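So the sequence shown is residues 44 to 740, counted in our numbering.
C-beta atoms are modelled at their ideal positions from N, C-alpha and C, and glycine is treated no differently.
As the structure is a computational prediction, the values presented were derived from the model and not from experiment.
What follows is a short report on a single structure.
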Amino acid sequence: AQIFGTGILSPVFILGSNFAKDGLHASCEKKYCGRGSRCVVNRDTNQPECRCVEDCKSSYMPVCGSDGKFYENHCQLHRASCLQRKKIYIIHSKDCFFKGDTCTMASYRQLKGVLLELQAQRSAPPRHPPADRAAQKRALVEELFQHLDANKDGHLSSSELAQVGAVLGKGNFGAIWCYSFAEVVQLSLPEEQRVSITTITVGLSTILTCSIRGALRPPIIWKRNGIILNFLDLEDINDFGEDDSLYITKVTTIHMGNYTCHAYGYEELYQTHILQVNARLQHSATPSNYFTFSKKGNNNNLKSHPKTLWNCFLWFSKPNVILLRTLNLQKLSLFSSFLFLQEEICPRVEGEGTQSCLWASAVNVRDKYIYVTQPKQNRVMIIDIQTQKAVQSVDVDPLPTKLHYDKSHDQVWVLSWGDMRRSSPTLQVIPEASTGEEQHVIRTPFKGVDDFFIPPTNLIINHVRFGFIYNKSKPAVHKIDLETVTHIKTISFRNYSCAPQTMAYTHLGGYFLVQCRGQRGAAAPQLLIDSVTDAVIGTNGAVLGTPHVSPDGRFLVSADGDGGRIQVQTVTVQGEIKLIYDLQTNIHVSDLTFQPSFTEGNQYYIYATSHLQTDVLFVELSTGKMNVLKNLKDPITSKDWPWSSYNRIMKDSGLFGQYLITPAKDSLFVINGRQNTLRCEVSGIRRGNTVVWVGEV
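See the structure below:
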C-alpha cells in the first residue's frame, strides 16, 4: 500500500525479531515507512507493512499544514497526511493560527494584559497596592489554571480546553488559548548560553539548537540579519525540526554570521548563535602551472612552465594588438596575425593611411580564447590564444560595450547599448564559449538593462548560480538564473531611494554591496544585500563610492571617484563588516585592483588610478600606509573612452603574479607589485585601455 507522507523516509527499528506462528521470520528492520506511519507485521501475511500511527505524544508545537489546517504538533500533521493519503507539508507561516479570527495576536496580548491588570486591581485592596505586580499576575494565572484543570491532574487536556472553547463559541479556541496561556509563563535562558559559537567546515551540515526553555513554549523564530528565516523557502535552510532547531545543509562561507532565536511573542529574550566557517580550498593555494608564448618554427605556441610566476598581457590598442611578456617585458605586435576569412580586423579609416582598431571590452575564456568587442563593427571577435589568430567574428546587437565570462556555465554575456545614447540596450549570451568555433548568440528576454553583475568564482566558491541586472535610474535590482537565463525575483530599494550604479560581492558572510545614487543624482550610502535571504539588510554604514572586494573576500574597499575618499572595511571571522580605515586622498579614483603582499600572509596592497591625474596611489591594507607612484603621464580622456567610467584601468597579472599594468594616453606602464616600484614604460600604444591577462591556471 502506498503511504502518503512528507516525502522523506525515516527508518523504523524494532528491537528483537517478530516470528509468525509458522516460525517464519518477519522483521521490520529493513522496512522504511514515511512520517506519520509505522511498521507492523501483518498477522495474515507475516510480512512487514506500514500503517498510520494510532495516536501522537501529547506535545504542543503548533504548525500550519499545506491544507490550511492547524495542527498541535508535527506528528499530528504527518498522521493526518497518512490517514488522508495525500501529501500535507508544513507551511512556515502563522496564518492558520488566526484563521477565522480578525483579532491579531498583538491585540489579543493587549486584551490579556488589560484583563489581568483589571483582575489584579479587584483582588488587591485599593489602599495597599501590591509590591510585585508581575508576581500577582502569575498568581492569577495559577488560579485560572486550577479552575480549568477539572480533574486536578496538573495538566490541561484538549477536552478541558474544548469546554472553554464551546462556552466562548470559538471552534479552535483550545489551541489559541493554550498558545496565549504560554505567553504568561516565564521562559528561561541560562546566562552562559545567551551567546553560542559554532565552528563548521565548508561542505558539512550543522544544526543550531535554541536553548530557550519554558512550559508550553511558543514556536521558535529564527532570524539572520534581522530577517525571519522560518517562513522563507530556502534550499540550504529548509527544516526547523520537531524541536525548532535550525538545520543548515552543505555549509559555505556565505552562511557565516549571527543567527538569533526567540520564542514567538518574546523577542526580548533571545539567544545569539555565531556561526564560524573554516574554508577548505578547492584548489592548491600555490601556483602549479603557468603558460607563456614561445616561438616554434613559424607558429606561436603555448608551452607549460611549471612553478614560474610569469605569463603575458594581451593589449588591444588603437593602432594594433600587443602581446607583452612579463618575464622579459618583450613587446610583440600581433597585428599581422589577426586576419580572418579575408576580413580585416582593424579596417582602414577613409582618409587615413594606417589601420585603426577600436575595442571596448575583452575576457579570457579558460586560457583558450580571447573574446573582445568591436563596438563600431557590432561584433565580438574570438581569438585563439595558442595560434594567436582570430578564428571567428560573432555578430551581436549594435554597440557591444561590456563582456563577462561566466565560468560556472561556460558562457559569455554581452551588453550592447544600441546607440551612443544607450536608448535600446540589450543583453545577449554566447553559450559554450570555450569551444571557440561556430558560436551563436542567444538573446535574453530582459529589457532596459543598463548593467549586470555576476559574482566571481574563487578558490572556495567555484560555482555561481545567480546574477543581477539593473537599470541605473530605477530603485531595484533583478535576480536572474544564469543557467536558464530567466528572471527569479526583484529586490526593491524604494525604501532607501537608491538607484544602483555598481555591485560587488564577498563570499564571506554572503554580502552584496550596492553603490547608490539618490533621487537627485547625489551619492548615497551603499546598501547591503544578504545572499542567503535576498533581503536588503540596510545601509553599509555611511560608506560611499564604488565597492571593490579582495580575492579572498576579507577586504572591502570603496572609492569615491569625486571626492578622493577611500574607505577600507574588513569581514571578521564572525561575518561582521567593520570599518578599519577612512582615508582622504587627492586621487579621483578611476579603477583599483588588489595585489597580494609578498611579505605578509593574507594581506594586500591596493593600486588605484585616477580619472584625471598622472599619479598612481598604492595603500598597504595591513597598516593603512599610503604612497604614490608619480608622473605616469596623462590618462586617456573620458571623451576618448566613452565605454565605461574606467578611463584608466589597473590590471593585475593573476592570483600569484607580481606585475600590474596601467595605460596612459599614448603608452602603458608596468608596475612591479613585489617592490612597489615602476618597472618600465612601453611607448607607441594609443588608447590601450582594453587588456586581458593570459595564463592564470
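- Inter-segment contact for the region 641–648 and the region 606–621 is absent: fewer than three beta-carbon pairs are separated by less than 8 angstroms.
- In the structure shown, V157 adopts helical secondary structure according to DSSP, grouped into three states.
- Under a 10 Å Cβ-count criterion, V157 is classified as exposed, with fewer than 16 other Cβ atoms of the shown protein chains found around its own Cβ.
- Annotation: the continuous beta strand (DSSP E) that includes Q627 extends over 620–627.
- DSSP, reduced to helix, strand and coil, places K450 outside both helices and strands of the structure shown, so it counts as coil.
- The beta carbon of T469 lies closer than 6 angstroms to those of D440, S459 in the same chain, with the five residues before and after it left out.
- Taking the Cα positions, A306 is about 45 angstroms away from K490.
- Separation of the CB atoms of Y554 and D577 is rounded to 12 angstroms, and the pair is thereby denied contact status at 8 angstroms.
- Within a 10 Å sphere around the beta-carbon of D683 sit fewer than 16 other beta-carbons, which makes this residue exposed.
- Per DSSP, the beta-bridge partners of A566 are R560.
- Selection K668, R691, N514 evaluated against H631 yields R691 as nearest (Cα-Cα).
- With fewer than 16 other Cβ atoms inside 10 Å of its own Cβ, Q236 counts as exposed.
- CA-to-CA, the gap between K515 and V238 works out to about 41 angstroms.
- For N538, the secondary structure class from DSSP, reduced to helix, strand or coil, is helix.
- For the beta strand (DSSP E) assignment, the uninterrupted runs of no fewer than 3 residues enclosed by the region 219–292 are, from N- to C-terminal side, 238–244, 249–251, 263–267, 289–291.
- In the DSSP annotation of this structure, the continuous segment of the beta strand (DSSP E) that includes L635 starts and ends at 632–639.
- Non-local C-beta neighbours of G108 in its own chain, meaning closer than 6 angstroms and more than five positions away in sequence, comprise Y114, L120, I131, ordered along the chain.
- Taken through DSSP and simplified to helix, strand or coil, A306 comes out as strand.
- For the pair P418 and Q454, the Cα-to-Cα distance works out to about 20 angstroms.
- For K450 and A707, the gap between their C-alpha atoms comes out near 31 angstroms.
- Put simply, the region 596–608 touches the region 541–551. At least three CB pairs are less than 8 angstroms apart.
- In the DSSP annotation of this structure, R465 is not part of any beta strand (DSSP E), being labelled neither H nor E.
- In this structure, L251 sits near L289, with a CB-CB distance shorter than 7 angstroms.
- In the DSSP assignment, R122 falls within the alpha helix (DSSP H) that extends over 117–127.
- For the pair of segments examined, the region 531–545 was found not to touch the region 260–269: the number of CB pairs separated by less than 8 angstroms stays below three.
- Excluding residues up to 5 positions away in sequence, L675, T705, E724 lie with their Cβ nearer than 6 angstroms to the Cβ of F712 in the same chain.
- Here the C-alpha atom of A542 lies approximately 15 angstroms from the C-alpha atom of P590.
- No Cβ-Cβ contact shorter than 7 angstroms links H117 with N273.
- The continuous beta strand (DSSP E) containing H591 extends over residues 589–592.
- The alpha carbon of L655 has as its nearest neighbour, out of R465, S248, D634, S101, the alpha carbon of D634.
- The Cβ-Cβ distance between G479 and I425 falls below 7 angstroms.
- When S467, M463, N407 are compared, the shortest CA-CA separation from W456 is found for N407.
- For S681, the three-state secondary structure derived from DSSP is coil.
- Cβ contact annotation for K532 (same chain, cutoff 8 angstroms, sequence separation greater than five): H521, K522, D577, in chain order.
- S248 and S593 have their C-alpha atoms roughly 27 angstroms apart.
- Per the coordinates, the alpha-carbon of S601 lies some 24 angstroms from the alpha-carbon of V735.
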